[in-house]
Structures are given as C-alpha cells and as structure tokens.
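Colleague: Here you go, one structure.
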Amino acid sequence: TGAGLRQRTHTRGIAVAATIITNGIIRTDAFAEPVEALTVSRGRILAAGSRDEAEAVAGSGAQIHDLKGASVIPGLVESHVHPIFYGLTRNWADCRSPLNRDIADVQKTLRATLRNLTGNAWVRGWGYDDTLLFENRHPTRDDLDAVSTDVPVIVSHISGHFVVANTKAMEVAGVTEEMSDPAEGRLVRDGNGKLTGLMWELGAVNLIMDAAPKPRESELQDAAVHALSTAASRGMTSVHDLGIGLMGGAMELETWEHLADADRIPIRVIGYLRGDYATDLLDARPDLFTAGPRGNFDLMGAKYWADGSIQGLSAALTQPYSCAQESCGDLLFEFDHLVNLVKTIDAAGGQCAVHANGDRAIRTVVDAFAEVKKDGGRSDSRHRIEHLQMASANDIEDLIAAGGAASVFANHIYYWGDRHRDIFIGEERASRIEPLADAVSKGLHFGLHSDCPITPMDSLRTLWTAVTRETSSGVTLGPEQRLTPAQALHSLTADSAWLAGAEGTRGTLLPGMDADLAVLDRDILHSNSAELADVGVVGTMVGGEWVFTA
475 TGAGLRQRTH TRGIAVAATI ITNGIIRTDA FAEPVEALTV SRGRILAAGS RDEAEAVAGS
535 GAQIHDLKGA SVIPGLVESH VHPIFYGLTR NWADCRSPLN RDIADVQKTL RATLRNLTGN
595 AWVRGWGYDD TLLFENRHPT RDDLDAVSTD VPVIVSHISG HFVVANTKAM EVAGVTEEMS
655 DPAEGRLVRD GNGKLTGLMW ELGAVNLIMD AAPKPRESEL QDAAVHALST AASRGMTSVH
715 DLGIGLMGGA MELETWEHLA DADRIPIRVI GYLRGDYATD LLDARPDLFT AGPRGNFDLM
775 GAKYWADGSI QGLSAALTQP YSCAQESCGD LLFEFDHLVN LVKTIDAAGG QCAVHANGDR
835 AIRTVVDAFA EVKKDGGRSD SRHRIEHLQM ASANDIEDLI AAGGAASVFA NHIYYWGDRH
895 RDIFIGEERA SRIEPLADAV SKGLHFGLHS DCPITPMDSL RTLWTAVTRE TSSGVTLGPE
955 QRLTPAQALH SLTADSAWLA GAEGTRGTLL PGMDADLAVL DRDILHSNSA ELADVGVVGT
1015 MVGGEWVFTA
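Mapped onto our numbering, the consecutive letters of the sequence shown carry residue numbers 475 to 1024.
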C-alpha cells in the first residue's frame, strides 16, 4: 500500500513575546484534568501546567492574559460546512419556515427581492421546507411564474438537495419538456408528464445553478470572510469546506487561494472540492491535494454524493419510507463508478468525502472504501462518510476496518428528529439516527457538524445536541446514543483534527501543538443541559493570534 495521509502543519508568522494564559479552567484536551496556565509563543503551546512552569519557560517580557475565571478548551473544529454558500445566502430571499407559513408567503418574500433586482440578476430564494408549509408540498414552476415570467426565479430547499425554478429560469438553463433525466438527478414531472420545475438532486439542480449568473469573486470573498468571522465568534478555529464550487463553480477554489495569499483567512480552512471539478483539475495540477497548506487554507480532497436527504425522500434506504411505501430512495452512483472515483482521488494523495445519509448508501460507500483498500489503496487514506445518519453498528465496524472515518450531522436530531420519527422513517429507525454512542464504543474517528447553512453554524450548540439528543419539541430521541460532554468535545477537537491529518499539531493544547483555542464563559464539562444550551464565547485564538474577542 501507499504512504499514509500527509501530516498537515502550518503556523503563521507570530510575534516573539510569549503570552501566559492563566486564572481560569484550562483544559488541554477533553479528558484531561485542568491545568493552571498555558504559555503561548510563536504560535504554539510552549508549556501547559502550573503557573510556575508557565513562567519558567516564558522568559522575560511575557504578557499575562487573565482569564478572570473563564474556561479554555482546544479550538473547535466544524468538520462539515459550506462557508461561501452560507455567506451568499445573506443576500437571498429568506424562504425558511416558520417565517413563511405557506406558498403565498414564499411568493411574497420572492416578490420583495424582485423589486430590488438590478442588471441580469435572478431572484434567488433559500430555505423553503415543504413539510413545514401549509400546503405540505414543494412549490412549482407555476407558483414561481406568479412571481415573474420575465425574470428567472429559483428557490432552494432547506436540505440543499432540491431547487424549484420558474419557466424563465428553465428556459435560460435549457431545460425542456423533451429532456431526459440527467445523471445523478431527476426532472420532476406531474401526473400528465409535464415538468413541475422541481429539480431533484444535484445532477438536476446543477442544470439550473450552472446557468445562473455566477457571483463576482469579490462577492465570494466577502461571503467567505463573513462565514469565517461567524465561525470564530463561536469558538471555531478550523472549518472543513465540504464541496468547494457548489455556488461559484471552479472560481471558489481561486477565491480561497487568493484570500490565503492576502492573509485574509482568520481561521483554518480545510477544503474538499466538488468531485467533478477535482477530476478535471488533477490533470493540470497533479499535486492538487499534496502541495501542502497555502496560508490558512489546505485543500485535502474531493466531495461526492452517494444519495440525498431523508427529509427529501431521496436518501437511499434498505426499507421503504414510512410515508412513501413505494420508495426506498435512490443511489446517485453505481458501485463500480464510486469505487473508481475513490481510487482516482486516493491515487492523487487526497481524501474522498462521500455524502451518505440512508443505510443503503452508507453500506455502499463502506464497501467502496473497502474495495479500494483491498486493491492497494493508501494505508492511511482516512476517506470519510459525511452525515452517517442511518449507520448500523456493523457499518461502523466495517468503516473502521476499511480505514475510513466520518463527520456526523448531529443537528439532524434537533431540526428533523420529530419529523423523521412521525413522517419519514418511523420511531425505530429514527431513534438510531446519528448513532454517536455506537461510534464511540467501536472506536470510530468522527467529527460533528452543522452542515451550515442547512442548520446554524454553532459547534457549541451541536455539542449540546450530541449530549442531550433533544428534538425541537423537547423529546429525547434515542437516549442510548447520547454522548458525554467530554466525548462530544473530543469529537469536535482531537478527532476532527485527526480527520484532517493534523493530530500532531492541533486538537489538544499540549506543548508543541498549535495555539488554537477557545475561551468560554463556563466549564462545559461541568455544565447541565440548560447551561450547555447557552454557552458564551469570550475569545478565539488561532496560531497564537486572537481572531475574536467578545
């Protein structure tokens, strides 16, 4: 087998004077007893122990940072977000519920955006949820034609897996009644065979999105910086961008590289390119995944989608949906094709991150990872399953045996747990979504994530969800799968650093590690569930520099 995953290391240029952080609860990792002080110098932890030890190595001229009783933890890692996508949605029509109670509200929201359009811009809406609208259905092209027949109008589902387009948008995109379904997607039709305007899954969604006006690079940069500032304000020192190119095409990679070159990335960004862009770029840039960090940006691999979402009835299940007995959802790849994609990225030294929600999709991806390993894949590839929503204990064991890891969408529990139980998959299957305790007991390396903008980017809130497994109605869903606060913190720090090959430099606050840390207003390892739901961030440090202070 080939070499393991390259260890990623990077520290920015830092002032020479040491800083002693003390007078609070300082946790160097999730399972260690607190220490009295940290010494930070040249972007790294120089000492972690008693105040005397910290002062002894700090030298003369050291600054004292008084925590005033606050708590320090290793910097939080958000292991699956879409920063540019999130930043761009600030300027789109907000079609989420309960703000929008019915389709008439969605139309009203879109019309307000239409009045402010300039140039060749499209009306873009974000976040409708068919299960929360009064009509309990997706909007149609006719609904959006009522907003405008002259201007393209599109609105994205809250899952990110569907887009509804009006007739004008379909016309500009070249989507016609005569078209057959694209690979990895479906053009939804009504009972008479007429297109409804609903683009089902990414193959169809991209027909519309690729035709829409692309954001200018300045807009992409502003969106990215806004997202990272938001992350820093919630204690995050690293984020993993899962799907570079989703909104701005190949220009998104240039955006990150230009921001890195200009030193405008305040926290660390681990990147995964949209799969089709990755395979296209590898011919021209064979070191795409092995060149090493560029400032605070590091491109690690490629992102693929094996299925859709449970709430969209497009996740690939082994048994039918409770609300649609005729459907088990669909795989977006044939097995052999998925194996070949993973082999391509593996051979190029990159990580494959594959979205899989349904149990059939998860098993398919696990088997693909195992096949690649058996056929001579890299020994420490750390290929990832994203979301891992309906994994069985056997799936987790086999994923570990295949050398794989995961990032788990814990926020599903709060935002969709009730509807998974009552509508989509029934109580037995819903109680096992996000099987976090199984993942810990089996020894899986995994992160926890928000999938922002699908849910808000707040790792501390994600930690609360993993610990309580409370749904939005206050019900505990699958209490046997709850994590302890320490286990959840470990996942959001050391394990997430491991996902990015950075366990030698990040994830703990031991001597020699990067000085990536968060200062909180309470000790989250000794807080009850109510206290965990409202944790404040006092400061965030990346590579020895304060990137956020309250």
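No residue lacks a Cβ here, since even glycine has one placed at the ideal position from N, Cα and C.
Computed from a predicted structure; not experimentally measured.
If you count every other CB in all the chains shown that lies within 10 Å of the CB of residue 1004, and 16 or more means buried, which is it?
Modeller: With fewer than 16 Cβ atoms within 10 Å of its Cβ, residue 1004 is classed as exposed.
Colleague: Compute the distance between the beta-carbons of residue 907 and residue 865, then report whether it is under 7 Å.
Modeller: Not a contact, by the Cβ cut-off of 7 Å.
Colleague: Which residues in the same chain have their Cβ closer than 6 Å to the Cβ of residue 967, if we skip the five residues on either side of it in sequence?
Modeller: Excluding residues within five positions, the ones whose Cβ falls inside 6 Å are 548 and 981.
Colleague: Quick one: give me the first and last residue of the beta strand (DSSP E) that residue 772 is part of.
Modeller: Its beta strand (DSSP E) spans residues 771-779.
Colleague: I need the DSSP call for residue 655, collapsed to helix, strand or coil.
Modeller: Looking at residue 655 - three-state DSSP - the assignment turns out to be coil, as it is neither helix nor strand.
Colleague: Let me confirm a value: residue 949 is counted as buried when at least 16 other C-beta atoms fall within 10 Å, else exposed. Which label applies?
Modeller: Residue 949 should be labelled exposed.
Colleague: Look up residue 515 in the DSSP assignment and give the residues it is bridged to.
Modeller: 518.
Colleague: Report yes if the CB atom of residue 679 is closer than 7 Å to the CB atom of residue 713, and no otherwise.
Modeller: No, Cβ-Cβ distance for residue 679 and residue 713 is not below 7 Å.
Colleague: Can you find the residues in the same chain that come closer than 7 Å, C-beta to C-beta, to residue 842, ignoring five residues on each side of it along the sequence?
Modeller: The residues are 809, 812, 813 and 816.
Colleague: Would residue 562 pass as a contact of residue 721 if the rule is Cβ separation under 7 Å?
Modeller: Yes, they are a contact pair.
Colleague: Which residue or residues does DSSP assign as beta-bridge partners of residue 1013?
Modeller: Bridge partners of residue 1013: 993 and 1023.
Colleague: Could you tell me which residues DSSP pairs with residue 636 in its beta bridges?
Modeller: Partner(s): 674.
Colleague: Can you give me the C-alpha to C-alpha distance between residue 1032 and residue 723, rounded to a whole angstrom?
Modeller: There is no way to answer for residue 1032, as the model of the chain reaches only from 475 to 1024.
Colleague: Check whether the Cβ atoms of residue 1016 and residue 995 lie closer than 7 Å to each other.
Modeller: Not a contact, by the Cβ cut-off of 7 Å.
Colleague: Using 8 Å for Cβ pairs, my map puts residue 805 next to residue 780. What's the rounded Cβ distance?
Modeller: Contact holds; Cβ gap of about 6 Å.
Colleague: Kindly indicate the opening and closing residues of the beta strand (DSSP E) around residue 497.
Modeller: Residues 493-500.
Colleague: Give the range of the beta strand (DSSP E) segment to which residue 551 is assigned.
Modeller: Unbroken beta strand (DSSP E) run through residue 551: 550-555.
Colleague: Thinking C-beta only, is residue 888 closer than 7 Å to residue 945?
Modeller: Yes.
Colleague: Report all residues from its chain with a CB closer than 6 Å to the CB of residue 504; omit the five preceding and five following residues, and keep chain order.
Modeller: Hits under 6 Å: 960, 963 and 964.
Colleague: Considering residue 707, what are the terminal residues of the alpha helix (DSSP H) in which it resides?
Modeller: Unbroken alpha helix (DSSP H) run through residue 707: 691-707.
Colleague: By a C-beta neighbour count over all protein chains shown, 10 Å radius and 16 as the cutoff for buried, is residue 482 buried or exposed?
Modeller: Any reading at residue 482 must be qualified, since the residue scores a pLDDT of 47, below 50, and its modelled position is unreliable; the value itself is stated next. Label assigned to residue 482: buried.
Colleague: Over what stretch of residues does the alpha helix (DSSP H) that includes residue 791 continue unbroken?
Modeller: Unbroken run through residue 791: none, as it is neither H nor E.
Colleague: Would you check if the distance between the CB atom of residue 768 and the CB atom of residue 728 is smaller than 7 Å?
Modeller: Taking 7 Å as the Cβ cut-off, residue 768 and residue 728 do not qualify as a contacting pair.
Colleague: According to the Cβ coordinates, are residue 701 and residue 647 closer than 7 Å?
Modeller: No. Outside cutoff.
Colleague: With a 10 Å radius around its C-beta and 16 neighbouring C-beta atoms as the bar for buried, classify residue 590 as buried or exposed.
Modeller: With fewer than 16 other Cβ atoms within 10 Å, it is exposed.
Colleague: Return the Cβ separation of residue 635 and residue 788 in integer angstroms, given the expectation that the two are a contact with Cβ distance under 8 Å.
Modeller: With a Cβ gap of about 6 Å, residue 635 and residue 788 count as contacting.
Colleague: Would you tell me roughly how many angstroms separate the C-alpha atoms of residue 915 and residue 857, rounded to the nearest one?
Modeller: So the alpha carbons of these two residues sit roughly 20 Å apart.
Colleague: On the three-pair Cβ rule with 8 Å, is the segment 611-627 touching the segment 593-602?
Modeller: Yes, since at least three Cβ pairs between the segment 611-627 and the segment 593-602 fall closer than 8 Å, the two stretches touch.
Colleague: Would you tell me roughly how many angstroms separate the C-alpha atoms of residue 928 and residue 559, rounded to the nearest one?
Modeller: When rounded, the distance between both Cα atoms is 10 Å.
Colleague: Quick check on the DSSP output: what are the complete alpha helix (DSSP H) runs of length 4 or more inside the segment 951-997, in order along the chain?
Modeller: You should have 959-964 and 970-973.
Colleague: Quick one: residues in its chain with C-beta nearer than 7 Å to the C-beta of residue 522, no 5 flanking neighbours on either side, listed in chain order?
Modeller: Within the same chain, residue 522 has close Cβ partners 502, 509, 512, 983, 984 and 985.
Colleague: What does the Cβ neighbour count give for residue 942, buried or exposed, with the cut at 16 atoms within 10 Å?
Modeller: With 16 or more other Cβ atoms within 10 Å, it is buried.
Colleague: Quick check on residue 690: buried or exposed, where buried means 16 or more other Cβ atoms within 10 Å of its Cβ?
Modeller: Residue 690 comes out exposed.
Colleague: Under 8 Å by Cβ, that's how I've got residue 429 and residue 717 pegged, so tell me the actual separation to the nearest angstrom.
Modeller: Given a span of 475 to 1024 for the chain in the structure shown, any question on residue 429 remains unanswerable.
Colleague: When we look at the beta-carbon of residue 623 and count the other beta-carbons within 10 Å, is it buried (16 or more) or exposed?
Modeller: Label assigned to residue 623: exposed.
Colleague: Comparing C-alpha positions only, which one of 891, 778 and 665 sits nearest to residue 784?
Modeller: Minimum Cα distance to residue 784 is reached at 891.
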